[in-house]
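The structure appears right after this line, and notes come after that.
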Amino acid sequence: MITIRYSPRMLYILVVSLILFPVTAALGQKKTHTVFFEGRENELHVYRINGEEPGKTLLIIGGIQGDEPGGFLAADLYADFSLRRGNLIVVPRANFPSILKQERQINQDMNRKFTDDHASNYEAEVVDVLKRLICESDCFLNLHEGSGIYSPKWEGPMRNPKRYGQSIIADASILKTDKTGQPVNLEQMALAVVEKINRQIKKQVYRFHFNNHRTDDTDSLHKEQRASATYYATQTCKIPAFGIESSKSLPLEQKIRQHIWAINGFMELLDIQPETPGVNLKQPDLEFMIISVNDSVPIVVGKMQRLSINRGDEIRVHDIVTNYDRGLSVDVIGVGNEFNDMKRTLKIMEPTRIVAKKDFYACGSVFIDLDDKGVKAAPPLKVTRARQSNELKYKFKINGKTVIVENYGRVNLQRGDRLMIEDVISGPADPSEYIVNFKGFVGNRSNNTGEDRGYVIDTSKDILMAKYSINKKGLRYYVLITLGGKEVGKVFVEFQS
Ligand SMILES: [Zn+2]
Numbered sequence: 010m011i012t013i014r015y016s017p018r019m020l021y022i023l024v025v026s027l028i029l030f031p032v033t034a035a036l037g038q039k040k041t042h043t044v045f046f047e048g049r050e051n052e053l054h055v056y057r058i059n060g061e062e063p064g065k066t067l068l069i070i071g072g073i074q075g076d077e078p079g080g081f082l083a084a085d086l087y088a089d090f091s092l093r094r095g096n097l098i099v100v101p102r103a104n105f106p107s108i109l110k111q112e113r114q115i116n117q118d119m120n121r122k123f124t125d126d127h128a129s130n131y132e133a134e135v136v137d138v139l140k141r142l143i144c145e146s147d148c149f150l151n152l153h154e155g156s157g158i159y160s161p162k163w164e165g166p167m168r169n170p171k172r173y174g175q176s177i178i179a180d181a182s183i184l185k186t187d188k189t190g191q192p193v194n195l196e197q198m199a200l201a202v203v204e205k206i207n208r209q210i211k212k213q214v215y216r217f218h219f220n221n222h223r224t225d226d227t228d229s230l231h232k233e234q235r236a237s238a239t240y241y242a243t244q245t246c247k248i249p250a251f252g253i254e255s256s257k258s259l260p261l262e263q264k265i266r267q268h269i270w271a272i273n274g275f276m277e278l279l280d281i282q283p284e285t286p287g288v289n290l291k292q293p294d295l296e297f298m299i300i301s302v303n304d305s306v307p308i309v310v311g312k313m314q315r316l317s318i319n320r321g322d323e324i325r326v327h328d329i330v331t332n333y334d335r336g337l338s339v340d341v342i343g344v345g346n347e348f349n350d351m352k353r354t355l356k357i358m359e360p361t362r363i364v365a366k367k368d369f370y371a372c373g374s375v376f377i378d379l380d381d382k383g384v385k386a387a388p389p390l391k392v393t394r395a396r397q398s399n400e401l402k403y404k405f406k407i408n409g410k411t412v413i414v415e416n417y418g419r420v421n422l423q424r425g426d427r428l429m430i431e432d433v434i435s436g437p438a439d440p441s442e443y444i445v446n447f448k449g450f451v452g453n454r455s456n457n458t459g460e461d462r463g464y465v466i467d468t469s470k471d472i473l474m475a476k477y478s479i480n481k482k483g484l485r486y487y488v489l490i491t492l493g494g495k496e497v498g499k500v501f502v503e504f505q506s
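In my numbering, the protein residues as written are 10 to 506.
Written out as structure tokens, the structure reads:
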């Protein structure tokens with residue numbers, strides 16, 4: 010996968026370009042990356058890693074509940090793994106919307122949806138995919154964080170048989186028949202891994218335990234787990250399955266480490282062998298360069314794009330973004346030195362090309378054109394002027410559908426439509442510098458800043474205040490866009506009378 014090596018803004022651009030481009034990318038002979046529900050909030054990334062030699066398949070799922078980062082950040086580390094023997098299927102972020110909100114769930118708890126509850130939502134769609142992946146595997150680990158610390162006997166409110174933290178959970182001690190018809194001793198498997206984990210944990214109080222939920226028993230403390238992923242795995246797919254629980258209260262790195270010890274422990278049990286270090290050769294590829302001209306605000310120039318400047322202007326390549334982190338350089342042809350022109354200020358007298366390199370391998374170019382009319386008219390460089398230009402556009406969502414609106418353009422609505430102002434499309438300027446104010450609507454009532462992006466406006470309700478509408482009739486409203494207190498744009502919102 011692509012690694013990011015610049016600012017959060019670059020990250021944004023990269024994320025956008027990732028959403029726009031690769032769908033299913035084969036990362037090499039023995040790896041596949043599949044994206045389900047691409048471009049939607051519940052986008053689901055599945056990584057399959059097949060070892061050199063055949064063997065068992067372990068499924069690792071993280072982030073089924075979004076407020077448990079120890080699990081999904083650990084799963085992440087296996088998505089780019091290389092294996093000598095056996096296979097991994099890694100779903101680092103099963104429930105991406107809940108991760109973005111840092112909440113356990115959005116509509117329903119995704120880990121209580123593995124029985125048919127007839128509710129159709131994105132959670133149900135994701136669970137359908139996960140069910141298939143579980144049945145493809147030979148063993149399944151669901152990575153979690155639990156509150157408190159599990160103890161087989163009552164020791165206090167945060168340390169007792171009902172707590173989850175610092176335990177490996179199974180739904181029973183024995184899986185009576187696996188898919189080959191053999192019984193599997195889940196308890197023994199879990200205890201073997203618990204023992205490996207505890208070798209690394211010095212403080213007695215944080216040692217792991219096996220936590221048998223006895224999910225099927227009539228007196229089980231955890232009957233709700235009958236709708237969980239691990240229960241589905243044992244009952245329907247007939248594979249051993251475990252919940253790995255780090256205690257929520259531990260430092261994040263410790264939680265991630267514990268998950269790693271657990272995953273490595275199960276890999277050892279299943280004879281899935283890592284290749285260390287893994288060989289992951291992909292063809293180097295330039296994404297974009299970050300260039301400034303005469304010390305302007307640096308701008309992003311994509312692979313094969315052209316940048317127009319004036320003869321005698323000075324350019325400086327601040328950084329380049331490729332699918333590699335290391336070994337990167339640029340060569341401004343005919344200027345600078347023969348090794349690396351990165352971060353050097355270079356005067357440009359002739360049209361040229363900037364070549365990005367990963368080691369000795371050229372992985373993409375950007376072209377520099379000269380505009381000899383002596384006018385600073387090159388569009389990519391109107392960085393400061395573009396802020397006040399008429400080139401602003403707006404991204405609205407009407408009933409969930411994205412609509413791009415021109416500056417001073419109009420949006421026609423029916424009463425009852427749901428409207429959201431998503432963002433200002435401001436070219437090279439920073440959209441967060443603008444204030445977008447829907448006159449007659451108050452987004453944040455406790456602190457009315459006048460900034461109305463991101464709110465869903467349900468126009469069937471009495472939410473809009475007619476006295477702020479044009480002619481005060483409640484039919485025509487406007488959205489005012491300002492920069493530094495000055496008007497730079499408007500959008501008119503009209504209802505059919
Ligand atoms: Zn959980």
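No residue lacks a Cβ here, since even glycine has one placed at the ideal position from N, Cα and C.
Continuous alpha helix (DSSP H) assignments of at least 4 residues falling wholly in the region 214–295 | For the region 214–295, the continuous alpha helix (DSSP H) assignments of 4+ residues that do not extend past its boundaries occur at 238–244 and 261–278, in sequence order.
Kindly give me the distance between the Cβ atoms of residue 143 and residue 149, rounded to whole angstroms, as I take these residues to be in contact under 8 Å.
-> Residue mapping note: residue 143 aligns to position 134 of the sequence shown, counting from 1. Residue mapping note: residue 149 aligns to position 140 of the sequence shown, counting from 1. 5 Å between Cβ atoms; contact.
Meets three-Cβ-pair contact criterion under 8 Å: the region 190–198 and the region 286–298 | No, they do not touch.
Secondary structure of residue 118, DSSP reduced to three states = Translated into the one-based positions of the sequence shown, residue 118 becomes position 109. Reduced to three states, the DSSP call for residue 118 is coil.
Flag this pair as yes or no: are the beta carbons of residue 147 and residue 248 separated by less than 9 Å?
-> Numbered from 1 along the sequence shown, position 138 holds the residue referred to as residue 147. Numbered from 1 along the sequence shown, position 239 holds the residue referred to as residue 248. Yes; because the gap between Cβ atoms is below 9 Å, this pair is in contact.
Between the CA atoms of residue 474 and residue 488 - distance to the nearest angstrom = Residue 488 sits at position 479 when you count from the first residue of the sequence shown. Residue 474 sits at position 465 when you count from the first residue of the sequence shown. Each residue's Cα considered, the two are about 13 Å apart.
Should residue 104 be counted as a contact of ligand 1 given a C-beta to heavy atom distance under 8 Å?
-> Looking up residue 104 in the sequence shown gives position 95. Using a cutoff of 8 Å, the CB of residue 104 does not count as near ligand 1, since none of the ligand's heavy atoms is closer than that.
Distance, residue 502 Cα to residue 496 Cα = Against the sequence shown, residue 496 aligns to sequence position 487. Against the sequence shown, residue 502 aligns to sequence position 493. Taking C-alpha positions only, residue 496 is separated from residue 502 by approximately 17 Å.
Go ahead and label residue 230 buried or exposed: buried means 16 or more other beta carbons lie within 10 angstroms of its beta carbon, across all protein chains shown.
-> Stepping through the sequence shown from its first residue, residue 230 is reached at position 221. Answer is exposed; the Cβ neighbour count stays below 16.
Return the chain-ordered ranges of every beta strand (DSSP E) run that is complete within the region 90–146 and spans a minimum of 3 residues.
-> Correct list: 92–100.
Top-ranked residue by Cα proximity to residue 466, from 265, 92 and 409 = Residue numbering aside, residue 466 sits at position 457 when the sequence shown is read from its first letter. Checking every option, the nearest Cα to that of residue 466 belongs to 409.
Which residues in the same chain as residue 341 place their Cβ atom closer than 7 Å to its Cβ, once the five residues preceding and following it in sequence are excluded?
-> Here residue 341 is taken as the residue at index 332 of the sequence shown, counted from 1. Excluding residues within five positions, the ones whose Cβ falls inside 7 Å are 350, 355, 361 and 363.
Residue 169 and residue 251 closer than 9 Å at C-beta | Your numbering for residue 169 matches position 160 in the sequence shown. Your numbering for residue 251 matches position 242 in the sequence shown. Cβ atoms of residue 169 and residue 251: not closer than 9 Å.
Would you call the region 108–117 and the region 56–69 touching, i.e. three or more CB-CB distances under 8 Å?
-> Between the region 108–117 and the region 56–69, the count of Cβ pairs shorter than 8 Å is below three; the stretches do not touch.
Name all residues in chain order for which at least one heavy atom of ligand 1 lies closer than 6 Å to the residue's CB.
-> Per the Cβ criterion, the list is 74, 77 and 153.
Would you kindly check if the distance between the Cβ of residue 490 and the Cβ of residue 463 is under 9 Å?
-> Indexing the sequence shown from 1 puts residue 463 at position 454. Indexing the sequence shown from 1 puts residue 490 at position 481. For residue 463 and residue 490, no; Cβs fall outside 9 Å.
What are the partner residues of residue 447, as DSSP defines its beta bridges?
-> Here residue 447 refers to the residue found at position 438 when the sequence shown is read from its first residue. 488.
According to DSSP, residues forming a beta bridge with residue 148 | Within the sequence shown, the letter at position 139 stands for residue 148. According to DSSP, which records beta bridges pairwise, residue 148 is partnered with 67.
CB contact flag (residue 258, residue 267, <9 Å) | One-based indexing of the sequence shown puts residue 258 at position 249. One-based indexing of the sequence shown puts residue 267 at position 258. No; because the gap between Cβ atoms is not below 9 Å, this pair is not in contact.
What distance in whole Å lies between the Cβ atoms of residue 283 and residue 68, which are believed to be in contact at a cut-off of 8 Å?
-> Along the sequence shown, one-based indexing puts residue 68 at 59. Along the sequence shown, one-based indexing puts residue 283 at 274. Actually they do not touch by this definition, with Cβ atoms about 16 Å apart.
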